[in-house]
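Going by the UniProt record's numbering, 464 is the number at position 464 of the sequence shown; the sequence numbering is gapless. Positions of the beta carbon are idealized from the N, C-alpha and C atoms, including for glycine. Remarks on the structure that follows.
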Amino acid sequence: MQSIDESPTGFRALTTGRTKVAAVSFVVGAVVVTTFFAIGAWQRRWIADDGLIVLRTLRNLFAGNGPVFNAGERVEANTSTAWTYLLWFWAWITDGQLEYVALWVALVCSVAAIPIAMYGSARLFGTRIGGITGDGWTLLLPFGALIYIAIPPARDFATSGLENGLCIFWAAVLWCQLVAWARRGPHTGRGSAAATLVLAFTAGLAPLVRPELAILGGLVLLLVFFAPLGWKMRVGVVVVAGALPVGYQIFRMGYYALLVPNPAVAKDASGAKWDQGFAYLTNLFGPYVLVLPVVLAAVAGVLLIVGGRMRAAGADAPGTAPADTGEATPAPTWSSRLAGWSRRLQSSTAVVTVVVLAGIVLIVYWMRQGGDFMHGRVLLVPVFVTLLPLMIVPVTIPGHVGAAFRRRSSKDSESVISDPVAGPAGDPEPVAAAPAPGDRRRARAQLVGAVAMSGMWITVVVWAVATHANVLPNAGIDIGRSGIVDERRFYVTNMGNENPVTAEDYLDYPRMAAMVEKIDEYRKDGGVILPSFNYDEWYVAQLPAVMPKGAERQVTVYFLNLGMTSMNAPLDVRVIDQMGLAYPLAAHTERLEDGRIGHDKILPSEWVVAEAGAFPRRPVLPGYLDEDLVRQAQVALQCPETKDRFASFEAPWSFDRFKHNLRQAFTFNSYRIQREPEYEIQRCGLEMPPPVHPR
């Protein structure tokens, strides 16, 4: 006469069965969600204008010009260092067309991130199989993953040529490693030590993936460093995590003469635009009623926390308390308290806290920055990170649903059978014992939790189906006063191409075909090609008939859309922009207080005419340019600090230049000039030139 809880064979069989049910539900959910995401991402495949920017750097790398945007100018025009070299590697391996290399690498990273993140969450809930009572049947259902893939921008930027796919892939891998580290506990074996060092290496890649991801990577490294580790391992964690990013940072300072990528200077993280940040958040949440699944995710998290505590309380059997020996318990010392605190860091609770905190901080960071001009783009990774612990949720049906709601009789309390039925192997078939009152309470709580979690999961599924195809009002035809645009729909609408991928596709964008013709026309004589106020013409500020000694004739294209221009221009054509992504002079101007977000540095064209050495007088100078401003810009460019900045990226690179840049990188990072030449002359203490045409 044997209850199921007393039968090792029966218990193992049930445990294995419960594990299989959970595993099958996880696999089915992961396959379905990943498949839908892959299909949606492929339907929306494209390469953004900003996604083409990194490809210009790849062209220069393959041409032997170095990791630069324009040959002869050491400017880091790409925010994600890891993305640049990942694309370079696969382009080198495959010898494929750069646009399609970027498309496929982004797609693979994006799609792979979903099941990897779900697997990490499944491992997190691996100890929850069976629910509060431990004898339930658990389904692992997609939750946060469903929320993420249902957001249309998530599918837009699954390709796009930008680093979003790499960012979520890195976050998913880090999440899996972090959960595994928490489950291992403070073991000291070689395998555990190696896994911890690999985790540290992955976390250390954060600033190379994207600079702001150092928030997540740094918090993870702090967690690992202060967890139970020997001092040798702590030193190893620091070395392994810091070797690559610190080494690259030294190279960046010596080569580019900056502490951060040039776009970070151009977009200027020093200012706060909270109002615009809230507008950006609303722009993402509004069209998709995203507040609904976010609230449900928060409630689901609370339910899981409560359920975990109830399960832990139920696991403490009454008879396992240590015997009272009559001796007084010694007061804890500071060292014992620190050791206990350190042990708690290597736990699932600490891991979840760090990841969710990092996600929230990243959201707040971007709100402070004012967001971006691309709808949803910069909030996708923070949302993904915040949802990591809830990529899947466990829904557990108690093993004693019926027994949990009936009174316990004296017959039930005996928990025995007088005539056991033989099992298949001839052994008595175990019969389940009636639950104790405490078990019944936990079973009831488990059932209520399962119903609530199932209801929330169904709501998320319905929400995803209902909103996955929603679009912004006037998307593609109107940018709006907020300056935020559905980037993909904007280009699709303006080019009449559902899937623009190559630079050649962008020749259908207004001005581009005319730009190519103008480059061919002035390729030999050189000049500064400037956009006109219509869509099929360009102005040209021509170079002088007699060039200064040592100066070369070169075509310079000055236009905001840096990707499509640079990828449709030869490498010997200099391509720069008003905002400063690839043009340090524009990047070092002050941020416009009320400028369009992401475009709030606009350098007047007269600066470029002066800096490129174009002829500064009419009728050669285009009529809309101001001759006096050109002359003032020529004087302003003589400011010693500005000349030093130009020398830092234009002068031949040598070891002396490396050392000089290394010292000046700190100064250049915060160096700012006035966008109006007249004010810059005053700031620098130079003499104002006389008017070209005195009145």
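Between G483 and the rest of its own chain, which residues show a CB-CB distance below 6 Å, the 5 nearest in sequence each way excluded?
-> Same-chain partners within the cutoff: F373, R596, I597.
Decide if W463 is buried, meaning its Cβ has at least 16 other Cβ atoms within 10 Å, or exposed.
-> buried
Verify whether the separation of the beta carbon atoms of residue 697 and F666 is less than 9 Å.
-> Outside the displayed range of the chain (1 to 695) lies residue 697, so it cannot be described from this structure.
Assuming P186 and R337 make a contact with CB atoms under 8 Å, what is their CB distance in whole Å?
-> So it is not a contact: roughly 17 Å between Cβ atoms.
Between I53 and T159, is the Cβ-Cβ spacing less than 9 Å?
-> No, they are not a contact pair.
Beta-carbon proximity list for A425, same chain, < 6 Å, skipping 5 on both sides | Residue confidence for A425 is low, a pLDDT of 41 falling below 50, so the modelled location carries little weight; the figure read from the coordinates is stated next. If we look at A425 and ignore the five residues flanking it on each side, it has no Cβ neighbours.
What three-state label does DSSP hand W653 in the structure shown?
-> coil
Taking the alpha helix (DSSP H) that I151 falls in, what are its first and last residues?
-> It is not in any alpha helix (DSSP H) - I151 carries neither H nor E in the DSSP assignment.
N- and C-terminal bounds of the beta strand (DSSP E) containing P142 | 137 to 142 is the extent of the beta strand (DSSP E) around P142.
Flag this pair as touching only if the stretch 141 to 161 and the stretch 191 to 204 have three or more C-beta atom pairs under 8 Å; answer yes or no.
-> No, the stretch 141 to 161 is not in contact with the stretch 191 to 204.
Should R523 be flagged as near chain C, meaning a C-beta pair shorter than 9 Å?
-> Here there is only one protein chain, and chain C is not present.
Exposed unless 16 or more other CB atoms sit within 10 angstroms - verdict on P691 | exposed
Between V291 and the rest of its own chain, which residues show a CB-CB distance below 7 Å, the 5 nearest in sequence each way excluded?
-> F285
So who's on the other strand from W274, going by DSSP bridges?
-> None; W274 has no bridge partner.
Please state if the CB of F37 and the CB of S121 are separated by a distance shorter than 9 Å.
-> no
Out of curiosity, what's the CA-to-CA distance linking residue 702 and S566?
-> Because the chain in this structure spans residues 1 to 695, residue 702 falls outside the shown range and cannot be described.
Which of the three DSSP states, helix, strand or coil, is assigned to R511?
-> coil
Express the C-alpha separation of A77 and Q674 in angstroms, rounding to a whole number.
-> Rounded to whole angstroms, Q674 to A77 spans 22 Å at the Cα level.
Would DSSP call L530 helix, strand or coil?
-> strand
Determine, using beta-carbon pairs with one atom in the stretch 251 to 259 and one in the stretch 235 to 243, whether at least three such pairs fall under 8 Å.
-> Between the stretch 251 to 259 and the stretch 235 to 243, the count of C-beta pairs closer than 8 Å stays below three; the two stretches do not touch.
Would you kindly work out how many angstroms separate the C-alpha atoms of L174 and L124, rounded to a whole number?
-> 13 Å
State whether the stretch 655 to 663 contacts the stretch 245 to 254, with contact taken as three or more CB pairs (one from each stretch) at a distance under 8 Å.
-> These segments touch.
Could you tell me which residues DSSP puts in a beta bridge with P394?
-> Partner residues in the beta bridge of P394, as assigned by DSSP, are L140.
Where R618 falls, given that 16 or more other Cβ within 10 Å makes a residue buried | R618 comes out exposed.
Among V31, N60, L166, nearest to L86 - alpha-carbon criterion | L166
Using only alpha-carbon positions, find the residue among I458, C639, D628, V528 that is nearest to P694.
-> D628
Short check: CB of L216 to CB of A358, under 9 Å?
-> L216 is a Cβ neighbour of A358, given a cutoff of 9 Å.
Length at least 3, wholly inside the stretch 572 to 631: the beta strand (DSSP E) runs in chain order = 574 to 576
Measure the CB-CB distance between D49 and G563 and report whether it falls below 9 Å.
-> In this structure, D49 sits near G563, with a CB-CB distance shorter than 9 Å.
Is the number of C-beta pairs between the stretch 533 to 544 and the stretch 20 to 38 that are closer than 8 Å three or more?
-> Not touching, per the Cβ criterion.
Evaluate contact between the stretch 580 to 594 and the stretch 543 to 556, counting only Cβ atoms and requiring at least three cross-stretch pairs below 8 Å.
-> no
From L603, I151, L98, G51, pick the residue whose C-alpha is nearest to that of G376; which is it?
-> Considering only alpha carbons, the answer is I151.
Nearest to W104 (by Cα), restricted to the options W90, I114, P115, A117 | W90
From the DSSP output, which residues share a beta bridge with T556?
-> In the DSSP output, where bridge partners are listed per residue, T556 has V528, R574.
Helix, strand or coil for V47, going by three-state DSSP, please let me know.
-> Note that residue 47 is Ile in the sequence shown, not Val. If DSSP states are grouped into helix, strand and coil, I47 belongs with the strands.
Between G29 and M118, is the Cβ-Cβ spacing less than 9 Å?
-> Closer than 9 Å, so yes.
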